[in-house]
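Same order as they appear, the protein sequences are chains G and U.
Residue numbering for the first sequence follows the working numbering, starting at 37 and increasing by one per position.
Residue numbering for the second sequence follows the working numbering, starting at 29 and increasing by one per position.
For every residue, glycine included, the Cβ atom is placed at its ideal position computed from N, Cα and C.
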Amino acid sequence: MKVKRRTSQADVPSMAMGDIAFNLLIFFVILARAQDDSHLQWQPAAAEEINAQGTAKVSVLIDNDNKYYVNGQQVGASQIAGEVDALLGDTPAGERIVLFKVHREAQALYFEPAIEAISEVGGDIVHVLEKNQD
Amino acid sequence: MVEPPSSATGDIAFNLIVFFLVCASVQPDSGRQQTLPRSEQETEEQSENIEVQLGRNTVMLNGNILRQEDFKAALHRALNGKTRSEDRVVIVKSKADTPYHHWVTVTEMIESAGGIVTIQTEEEQQVVVPGG
Numbered sequence: 037m038k039v040k041r042r043t044s045q046a047d048v049p050s051m052a053m054g055d056i057a058f059n060l061l062i063f064f065v066i067l068a069r070a071q072d073d074s075h076l077q078w079q080p081a082a083a084e085e086i087n088a089q090g091t092a093k094v095s096v097l098i099d100n101d102n103k104y105y106v107n108g109q110q111v112g113a114s115q116i117a118g119e120v121d122a123l124l125g126d127t128p129a130g131e132r133i134v135l136f137k138v139h140r141e142a143q144a145l146y147f148e149p150a151i152e153a154i155s156e157v158g159g160d161i162v163h164v165l166e167k168n169q170d
Numbered sequence: 029m030v031e032p033p034s035s036a037t038g039d040i041a042f043n044l045i046v047f048f049l050v051c052a053s054v055q056p057d058s059g060r061q062q063t064l065p066r067s068e069q070e071t072e073e074q075s076e077n078i079e080v081q082l083g084r085n086t087v088m089l090n091g092n093i094l095r096q097e098d099f100k101a102a103l104h105r106a107l108n109g110k111t112r113s114e115d116r117v118v119i120v121k122s123k124a125d126t127p128y129h130h131w132v133t134v135t136e137m138i139e140s141a142g143g144i145v146t147i148q149t150e151e152e153q154q155v156v157v158p159g160g
């Protein structure tokens, strides 16, 4: 005697499709922003005149503990030039923008070697600052 | 009354969190672009370049200590009549403890006065050994 195997339907509810698609979209947006440095602790210095800057491939950050980060990844002072150079690659002059974010109280001992490293590899430094409120 | 299905509240909460996270991190950066002359472009007539020395909260122009308010006018006078870009190079030497906000303020003044900022780090500065 043959016993028929029972089949049960287990469909994904079509109501959830919108949510799934949206979550996938957000997931990839966040992945694309993996180089983000917004979690790092620093306070920008103030300046009288600042301009809105476009997008940049590279950002170098010195946080309030005088640690160096390139695109959100911690590096040593001696690694900055190499990392920035690798990220800029063959980018033509004029587009080799490097966002330079330095904690306002960081000392020259820490930020000058970074400036030197960026300019050594032909990076165009953009100091990320806030508008002076005084 | 039709209530939203309770199984969707997790999704809704997650989407709200992600929405605010993404919104919070899309603020564009603003700042000031600075082009530093490459070391090989530095002029041979370095002795004639204007020199600015920065301390923790002090500023010196060609060896003279100035108040920050007077610095801008003194710099304008020093740059007056200098038309060639190589003459407008201002060498900025900072003490190790010079804070970034002070450096930014002074270099902004130099650039607004028409100077071209170049930095000289401590390692490059000449060390004079007494009796040497």
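When burial is assigned at 16 or more other CB atoms within 10 Å of the CB, is residue i buried or exposed?
i	result
ILE98 of chain G	buried
PHE63 of chain G	exposed
ALA153 of chain G	buried
LEU44 of chain U	exposed
ILE40 of chain U	exposed
ILE56 of chain G	exposed
THR135 of chain U	buried
VAL120 of chain U	buried
LYS202 of chain G	Residue 202 of chain G lies beyond the stretch modelled for chain G, which goes from 37 to 170, so this question has no answer here.
GLU148 of chain G	buried
Report the option in the options whose CA atom is closest to the CA atom of residue i.
i	options	result
GLU131 of chain G	G:GLN89, G:ILE62, G:LEU61, G:SER50	G:GLN89
VAL96 of chain G	G:ALA52, G:GLU84, G:ALA117	G:ALA117
HIS139 of chain G	G:GLN115, G:ALA129, G:TYR104	G:TYR104
LYS93 of chain G	G:PRO128, G:SER114, G:GLU166, G:ALA113	G:PRO128
PHE99 of chain U	U:GLU114, U:VAL46, U:PRO33, U:HIS130	U:HIS130
GLN77 of chain G	G:GLU156, G:ASP47, G:ASN102	G:ASN102
ARG84 of chain U	U:THR149, U:SER122, U:PHE42	U:SER122
Assuming contact is defined by CB atoms lying nearer than 8 Å, are residue i and residue j in contact in what I supplied?
i	j	result
ASN100 of chain G	LEU123 of chain G	no
VAL132 of chain U	GLU139 of chain U	no
HIS163 of chain G	GLY59 of chain U	yes
LEU82 of chain U	ALA106 of chain U	no
ASN77 of chain U	VAL118 of chain U	yes
LEU64 of chain U	ILE133 of chain G	no
VAL120 of chain G	GLY159 of chain G	yes
ALA81 of chain G	LYS167 of chain G	no
Can you name the residues of chain G whose CB is closer than 8 Å to the CB of residue i?
i	result
HIS129 of chain U	ALA81, ALA82, ARG140, GLU141
ARG60 of chain U	ALA83, GLU85, ILE86, ASN87, VAL162, HIS163, LEU165
GLU136 of chain U	ALA83, GLU84, GLU85
ILE147 of chain U	GLU148, ILE151, GLU152
ASP39 of chain U	ALA52, ASP55, ASN59
Run down chain G in chain order and give the residues with a C-beta less than 7 Å from the C-beta of residue i.
i	result
LYS123 of chain U	ALA144
ASP57 of chain U	GLN89, LEU135, VAL164
VAL46 of chain U	ILE62
THR126 of chain U	GLN143, ALA144
Going along chain G, which residues have a C-beta under 9 Å from residue i?
i	result
LEU89 of chain U	The contacting residues do not exist; LEU89 of chain U stays about 18 Å from chain G at best.
LEU64 of chain U	ILE151, GLU152, ILE154, SER155, ILE161
Closer than 8 Å by beta-carbon distance: list the chain U residues that pair up with residue i, in chain order.
i	result
VAL65 of chain G	VAL50
Give a yes or no on contact between the region 117 to 127 of chain U and the region 129 to 145 of chain G, applying the rule of three or more CB pairs nearer than 8 Å. yes
Looking at C-beta atoms only, is the number of pairs between the region 51 to 66 of chain G and the region 41 to 53 of chain U that lie closer than 8 Å three or more? yes
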